[in-house]
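Note that the working numbering has the sequence shown beginning at -10, numbered continuously upward. The structure under discussion appears below in the form of structure tokens.
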Amino acid sequence: MCRILKWTLRIVAVLAIVAIGIGIWKRDEITRLMAVNSLFEPEHIVGNFSNMDAAFLHTPVPRGDRPVMPLPGGAQMTLPDGTEDWIETRAVTSLLVLHHGEVVHESYHLGTTPDDRRISWSVAKSFLSALMGIVVAEGDIASLDDPVTQYAPRLSGSAYDGATIRNVLQMTSGVRFDEDYLDYDSDINRMGRVLALGGTMDGFAAGLTERDAEPGKRWHYVSIDTHVLGMIIRGATGRDIPALLSEKIIAPLGLETAPYYITDGEGVAFVLGGLNLTTRDYARFGLMIEQNGQLGGRQVVPADWIAASTTPSAPTEPGQIGYGYQWWIPQGAEPGQFMARGIYGQYIYIDQGRDVVIVTTAADRAFREPGVNDANIAMFRQIADAL
């Protein structure tokens, strides 16, 4: 009996040592997984959204050596009635309004500051769209109707085999992908765990083999389509996205602070939602887009790409919000009204007719509730009309 007890204690000790060793070996992965699981908790969400580099693998996007592009202050506007209640209800962390290129309102909330580099979530998709426009204009991609696999051969045999670049730009790839953020086992949450554990996003995309529709037949918003756009750009240019985005878009904008991307375990940028910038730097990007791709006398993105990508060309349901090439066009929009939008309340709202750019960052855990997006758009329109 004594001998059995000794052996039992030895086995327990060995298992404890092994567990400790695994814990040390996998410490970073475990930390990131825990970060994902607590990312949106009420007591942490605001701070997490300003400090994504503390929890995830990441890489800088160099700002270049150009001088900071001025954002001059204009006459400060009086915000419409109800704006303060909206800021509180929607957990807005920053609000910046540009009119004629001048800052007419800038405010920070819930303890955030102008120096916070806030996570963009799907606002990042519109940055990648702009980069795609440059890559196409420079001839690295011959046609938007080229097959995805021509530039991303790893996707041969996947659900993306047979889809065109235009299909993934418009979110009509047909790939089966569950984007339910509240379902632990959904594809979007499985993808988040791949990212947290240092897995490969390219491998995740290539592993998707089922379709809900033939490419081009049905609009279905799936974030993984944007990762595929990143694979296409990398394949076409032979360059990584952070370096290419830095050279073609970030450096010409003259940002105040170098952005960064969250990355997977292979160092591949999380292009569908992992870009982090300050609110003022989001505004510089928005101003460039609002001015048809031009900023500071320089054509950064081709004007014809801006026009095409912000036209509601995807086959969304009649009477519903429109979609172009990774840009949203609100229902009832006047010409030149469109937006970049990310989960939890991130927006760059553009009204070219009124020469207005509105940037909001937020930590709105109720962003999925019915009517929230419509209410946000209504507020942006009230702000633009008040100028």
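Note that beta-carbon positions come from the ideal geometry of N, C-alpha and C, so glycine has one too. None of these values were measured; they are calculated from a predicted model.
If you measure between the beta carbons of residue i and residue j, is that distance less than 7 Å?
i: S83; j: T268; result: yes
i: I347; j: I310; result: no
i: L261; j: S302; result: no
i: G313; j: T300; result: yes
i: P319; j: V50; result: no
i: D214; j: S175; result: no
i: V157; j: V81; result: no
i: E279; j: I339; result: yes
i: V257; j: M190; result: yes
i: A141; j: I238; result: no
i: R273; j: A195; result: no
i: R79; j: A351; result: yes
i: L376; j: M66; result: yes
i: Q315; j: S109; result: no
i: E91; j: G63; result: yes
i: F116; j: L264; result: yes
i: P167; j: I154; result: With the sequence shown as reference, residue 167 is identified as Asp, and Pro is not the correct amino acid for it. No, the Cβ-Cβ distance between D167 and I154 is not below 7 Å.
i: D104; j: S39; result: no
i: R52; j: L244; result: yes
i: G325; j: Q341; result: yes
i: P204; j: A152; result: yes
i: I177; j: Y271; result: no
Starting from residue i, trace the beta strand (DSSP E) in both directions and tell me its first and last residue.
i: G331; result: Q326 to G331
i: L376; result: Unbroken run through L376: none, as it is neither H nor E.
i: Y210; result: Note, Y210: premise wrong, no beta strand (DSSP E); not H, not E.
i: E91; result: E91 to Y97
i: N265; result: L264 to L266
i: H47; result: H47 to P49
Check the DSSP bridge columns for residue i and list the partner residues they point to.
i: D340; result: Q326 and V345
i: A258; result: T252
i: W317; result: Y312 and M328
i: V81; result: A351
i: Q280; result: According to DSSP, which records beta bridges pairwise, Q280 is partnered with nothing at all.
i: L117; result: L117 pairs with nothing; no bridge assigned.
i: H88; result: E91 and V345
i: R370; result: BP columns for R370 are empty, so no partner.
i: R357; result: None; R357 has no bridge partner.
i: D222; result: Note that residue 222 is Ile in the sequence shown, not Asp. Paired residues: none, contrary to the question.
i: I108; result: N265
i: R273; result: Its beta-bridge partners do not exist; DSSP assigns none.
Hey, quick one: how far does the alpha helix (DSSP H) through residue i stretch, first residue to last?
i: L233; result: I230 to L234
i: L184; result: D176 to A185
i: W294; result: A292 to S298
i: G192; result: M190 to A195
Looking at chain C, is there any beta carbon in it that lies within less than 7 Å of the beta carbon of residue i?
i: V211; result: The chain labelled as chain C is not found in the depicted structure, where only one protein chain is given.
### Query
What are the uninterrupted segments assigned as beta strand (DSSP E) that are 3 or more residues long and contained completely in the segment 120 to 172, given in chain order?
none
### Query
Are there three or more Cβ pairs, one per stretch, closer than 8 Å when the segment 274 to 292 is compared with the segment 129 to 148?
no
### Query
When the Cβ atoms of the segment 168 to 176 are set against those of the segment 114 to 126, are three or more pairs found closer than 8 Å?
no
### Message
Taking contact to mean 3 or more Cβ pairs, one atom from each stretch, closer than 8 Å, check whether the segment 80 to 100 and the segment 28 to 46 are in contact.
### Response
yes
### Task
Flag this pair as touching only if the segment 55 to 72 and the segment 323 to 338 have three or more C-beta atom pairs under 8 Å; answer yes or no.
no
### Message
Three or more C-beta pairs under 8 Å: does that hold for the segment 189 to 204 against the segment 135 to 150?
### Response
yes
#### Entry: Cβ pair count under 8 Å reaching 3, the segment 39 to 48 against the segment 251 to 258
yes
### Minimum length 4: unbroken alpha helix (DSSP H) runs contained in the segment 23 to 76
34 to 39
#### Entry: Segment contact flag, the segment 83 to 92 with the segment 345 to 365, C-beta cutoff 8 Å, min 3 pairs
yes
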